[in-house]
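The next block holds one structure in the form of structure tokens; read it before the comments.
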Amino acid sequence: MNSQDHRTSDFLTPHLVVRRGQPFYISCTFNRNFSPPSDSLALEHYIATFPAHVSPPVTVMPLAMPEEDDWHATCVSQLGPTVIIKIRAPLRAVIGRYRLKLRINTLTSCKQLVLGEFYMLFNPWHKEDMVYMPDEADRREYVLCETGIVYSGTAERRSYRPWDYGQFEEDILDISMSLLDKVLEGSKGQDEDICLRAEVISISKLLNTLMVNKESGVILGNWSGKYSDGFNPTTWNGSASILRRWKQNGTVRYGQCWVIAGLLCTVFRCLGIPSRVVTCFEVARRFDRQFVADCTFQLDGKSMDDHSNLWNFRSWTDIWIAHTPIEDEIPLQKGWHTVTSSLSSVLKGIIQDLCKSVDFMNSETLTNCMRTSCRIFRTLYLSLSFSFAILLFRYPSLSLSFSFAILLFRYPSLSLSFSSFAILFLFRYPFPLSLSFSSFAILFLFRYPSPLSLSFSSFAILLLFRYPSPLSLSFFSFAILLLFCYPSSLLLSFFSFAILLLFCYPSSLSLSFFFSFAILLLLFRYPSSSLSLSFFLLLSLSFFFSFAILLLFRYPSSSLSLSFFFSFAILLLLFRYPSSSLSLSFFFSFAILLLLFCYH
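The UniProt record's numbering numbers the first residue of the sequence shown as 1 and each following residue consecutively.
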């Protein structure tokens with residue numbers, strides 16, 4: 001009955017497992033009938049590993065007493081020699097393995113019996129417990145669930161591995177209690193030391209300290225890639241085997257952040273603390289008090305720092321805290337809080353000013369700090385070191401540098417090659433029009449973030465290198481603006497063809513072809529617009545004539561090229577405006593002329 005009420009039936013242990021703040025029951029059978037008040041009972045409880053720390057005896061009262069923040073016991077049933085005793089531990093009870101003694105007082109004697117041992121855990125089902133979690137689905141996930149997934153890899157290619165927490169397996173509860181006892185081995189078992197085990201924050205720090213301690217820790221961290229004298233961290237897929245090895249042989253070799261996070265999560269869940277494993281990608285390893293990470297790179301992209309300041313990923317353990325004791329100087333915010341065994345090497349004491357602990361802070365705050373510092377590291381610092389060092393040397397203009405900073409922020413992988421083109425272009429043509437073109441190119445990349453748009457900008461730069469004239473700049477400015485107004489793959493394909501055409505035939509004829517075809521596209525976009533129709537009628541003759549000459553120039557089979565072009569143009573016009581008398585008259589007129597021409 002006790003294990004069902006306390007949600008501890010999954011533990012594979014012969015001892016009773018209960019949660020504090022919730023009553024449990026024991027049954028005592030004597031060799032004769034129990035007859036108060038001549039007979040009385042009292043209970044003694046103490047941490048089994050620290051027998052010197054004995055609490056005052058708790059007298060078993062015949063009637064229920066008011067709820068108090070202390071141990072108390074009541075006799076709830078008596079049937080002959082059998083007595084059922086209800087025991088309730090306070091919400092501030094110390095977490096650990098207890099030994100329970102029963103003192104029997106009669107008129108003639110006083111006897112003392114050891115009833116056995118039981119485990120006391122946190123109680124996330126009790127509203128007044130520090131780890132109370134209101135949602136039952138969350139309690140099943142973060143306290144009772146024995147399996148999970150730990151993420152790793154990179155931000156672009158994330159992977160995951162299943163992890164068996166195994167908090168209910170045989171010996172795991174006893175090993176978890178041994179971890180708490182291990183921290184107090186050096187002390188004399190004073191009251192203040194043992195009382196630390198009543199607070200979730202203190203327990204998290206104690207376990208955190210012991211997890212990767214070099215002398216007596218559970219597991220030794222190793223990121224060198226050399227594991228000949230131990231186990232490769234990737235071989236682990238659960239916590240139970242690691243904890244058993246530590247219990248038998250001492251510190252286990254080796255593990256990394258996700259292994260340590262999984263171990264902590266297992267022990268926390270075993271003790272009744274809701275916990276989870278969190279993975280953050282692209283984590284800044286070192287940053288200052290403004291959470292800014294500085295990295296220096298050479299022009300070839302190689303880092304000038306001795307060690308990388310950016311981790312591909314970082315895993316840690318979060319625990320849930322509903323509230324902290326009123327007497328705490330700095331009460332913690334309700335929610336998830338981070339416990340990580342090597343956070344001190346990351347933050348170098350920065351968090352001490354925030355919450356007086358290197359290894360404990362709000363999970364959301366820590367994640368945001370690391371991600372923010374990572375983003376600053378990838379964009380702004382690279383922008384300053386590259387753009388300001390080179391561009392401001394020739395053009396002390398904040399607007400241009402800001403444009404490149406935005407480009408670096410949006411495209412950190414493509415920005416280097418594009419910036420190189422732009423810088424060369426500015427050095428060759430240092431006039432205001434070139435600055436305007438660079439701004440257009442950046443905006444174009446923002447609108448169409450694809451390799452095609454980057455190649456188009458590269459074509460534009462190369463064309464301006466070959467034909468350095470204001471006409472070329474005007475042409476490409478108009479092309480970019482038109483693409484902004486009418487984003488379609490047809491327009492982009494046409495402009496690519498126009499660029500190649502201008503490379504092959506650098507003349508006004510090519511430009512007239514471009515503008516004529518642009519008007520035709522405008523008419524197709526807005527067929528009901530009188531302005532579009534007027535432009536089309538005014539420029540259609542020049543368009544047909546220009547394209548015909550160009551076609552004849554490229555393919556000197558005059559009659560075939562000319563007849564093919566005009567036939568296609570008339571069919572296109574008839575297809576777009578089938579009800580137009582003008583289209584029909586054009587079609588029949590040219591059809592008759594074509595027949596006469598063919599049979600001449």
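Think of the CB as a built atom: it goes at the ideal place given N, C-alpha and C, for glycine as much as any other residue.
Fair warning: this is a prediction, and the values are worked out from it, not measured in the lab.
Span separating the alpha-carbon of residue i from that of residue j
i	j	result
VAL18	ASP69	17 Å
ILE260	LEU113	42 Å
LEU91	PRO124	11 Å
TRP163	GLU117	31 Å
GLY166	SER241	9 Å
ARG7	LEU310	42 Å
ARG99	PRO14	14 Å
LEU180	SER77	36 Å
ILE194	ARG158	43 Å
ALA73	VAL267	30 Å
PRO81	ARG32	5 Å
ILE319	PRO274	6 Å
ALA48	GLU156	51 Å
SER202	VAL94	11 Å
ASP138	TYR132	11 Å
VAL200	PHE122	8 Å
PHE11	PHE281	35 Å
LEU107	ILE26	24 Å
VAL60	SER204	34 Å
GLY335	LYS127	14 Å
SER228	LEU102	54 Å
GLN256	MET177	23 Å
ASP135	SER9	20 Å
CYS265	ILE219	14 Å
GLY96	ALA198	9 Å
Expected contact under 8 Å - CB spacing of residue i and residue j to nearest Å
i	j	result
LEU243	ILE172	6 Å
VAL212	GLY225	That pair is no contact at about 18 Å.
PHE313	THR279	5 Å
ILE87	CYS28	Not quite, the Cβ-Cβ distance comes to about 12 Å (not below 8 Å), so this is no contact.
SER152	TRP236	In fact, because the Cβ distance is near 12 Å, the residues do not count as touching under 8 Å.
GLY21	ASP129	6 Å
Helix, strand or coil at residue i [DSSP, three-state]
i	result
GLU117	strand
MET1	coil
ARG447	In this predicted model, ARG447 has a pLDDT of only 49, less than 50, meaning its place in the structure is not dependable; the value taken from the coordinates is given anyway. Helix at ARG447.
VAL259	helix
TYR142	helix
MET177	helix
VAL183	helix
SER204	helix
LYS356	In this prediction, LYS356 scores a pLDDT of 31, lower than 50, which makes its location untrustworthy; the coordinate-derived value is nonetheless stated afterwards. LYS356: coil per DSSP, three-state reduction.
THR338	strand
PHE34	coil
THR266	helix
SER472	With a pLDDT of 47 at SER472, under the threshold of 50, the modelled position of that residue is not reliable, and the figure given next carries that caveat. SER472: helix per DSSP, three-state reduction.
LEU464	In this predicted model, LEU464 has a pLDDT of only 49, less than 50, meaning its place in the structure is not dependable enough to derive any value.
GLU44	strand
ALA322	coil
ALA93	coil
VAL17	strand
GLU136	helix
ILE273	coil
TYR395	Because the pLDDT of TYR395 is 46, which lies under 50, any placement of that residue in the model is unreliable, and the number read from its coordinates should be weighed accordingly. Three-state result, TYR395: coil.
Buried or exposed (CB count within 10 angstroms, at least 16 for buried), residue i
i	result
LEU426	Only weak support exists for where LEU426 lies, its pLDDT of 46 falling under 50; the value from the coordinates is given anyway. Counting Cβ neighbours within 10 Å, LEU426 comes out buried, since at least 16 surround it.
CYS145	exposed
SER315	buried
TYR254	buried
residue 613	Residue 613 lies beyond the residue range present for the chain, which begins at 1 and ends at 600; the question has no answer from this structure.
MET250	Note on identity: in this sequence residue 250 is Gly, with Met being the wrong assignment. The residue is exposed, with fewer than 16 neighbouring Cβ atoms inside 10 Å.
LEU490	The predicted model places LEU490 with a pLDDT of 49, which falls under 50 and marks its position as unreliable; any figure quoted below should be read in that light. So LEU490 ends up on the exposed side.
MET361	A caution first: MET361 carries a pLDDT of 47, below 50, which makes its placement in the model unreliable, though a value can still be read off. Counting Cβ neighbours within 10 Å, MET361 comes out buried, since at least 16 surround it.
PHE30	exposed
ALA422	Because the pLDDT at ALA422 is just 49, under 50, the model does not fix this residue reliably, and the value given afterwards should be weighed accordingly. Buried, since its Cβ has 16 or more Cβ neighbours within 10 Å.
TYR160	exposed
ILE321	buried
MET1	exposed
Checklist entry - In chain order, which continuous runs of the beta strand (DSSP E) of length 3 or greater are located wholly inside the stretch 194 to 252? => result 219 to 221
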